[in-house]
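Quick note on the numbering used here: the sequence shown kicks off at 434 and runs consecutively.
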Amino acid sequence: MNRTIRTARTARTNRPVRAAAHALAIAGLVLGLGACSAESVDEAIAKGVDTTVDEKYEVTYEVTGKSVDEITYHGGAGEAMEPELETVKSPTLPWKKTVELRGIMPPAVMPVAVDAGGADVTCTITYKGKVIKEAKGEGMLTAGGCVAVSPIVG
C-alpha cells in the first residue's frame, strides 16, 4: 500500500511539471508557426512594395490663369517618398507638362503667384485622360496647388 501511495504522489507531483512542459511545447509551436507565417506575409508585402515602387505612370500637369510667377512640380526625379522638385520661372500660361513618375510618388504641381490682387490660377493633374485633382486659387499664393495620391496605389 505504501508503494501505491508513493506512485500516486509521484504522479500528482509530476502532473504540474508535465502540464508546464506541454504548455511550453504548445507555446513554442504557436510562436514558431506564427513567425513563419509572419515572415512569409512580410516577404509578400515587400515584394508588392518593390513592384509598386518600380511601376511607372504618366500624368499631365496643367496651369491656367494669369500672374503666375513660377510653377514647381514633381518631375519624376528623386526617390518615391522624396521627389526632386523642378521649377519653371515666369511660365507662359496656359502651361502644360507631361511627366513620368514612379510607383507611390505623388503627382504634384504648385503654381506660385506673388501679385496679391491679380492672380487667378487653376491647376489640374490628369491621368489617362481623367482629371484626378483640380484646384483653383486667387491671391498672393495658391496654397498647396494640386497634389494627388499616386494612381498606382490609389
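Note that CB positions come from ideal geometry on N, CA and C, so glycine has one too.
In the DSSP assignment, the beta strand (DSSP E) including L518 goes from what residue to what residue?
516-522
Evaluate contact between the stretch 553-566 and the stretch 514-524, counting only Cβ atoms and requiring at least three cross-stretch pairs below 8 Å.
no
Could you pull the DSSP bridge partners for V554 from this structure?
G498, G570
Coarse secondary structure for V586, derived from DSSP in three states:
coil
Do L534 and G498 count as a contact pair if the criterion is CB distance below 8 Å?
no
Check this for me: beta carbons of G578 and V542, under 8 Å apart or not?
yes
Assign V580 to one of three DSSP states: helix, strand, or coil.
strand
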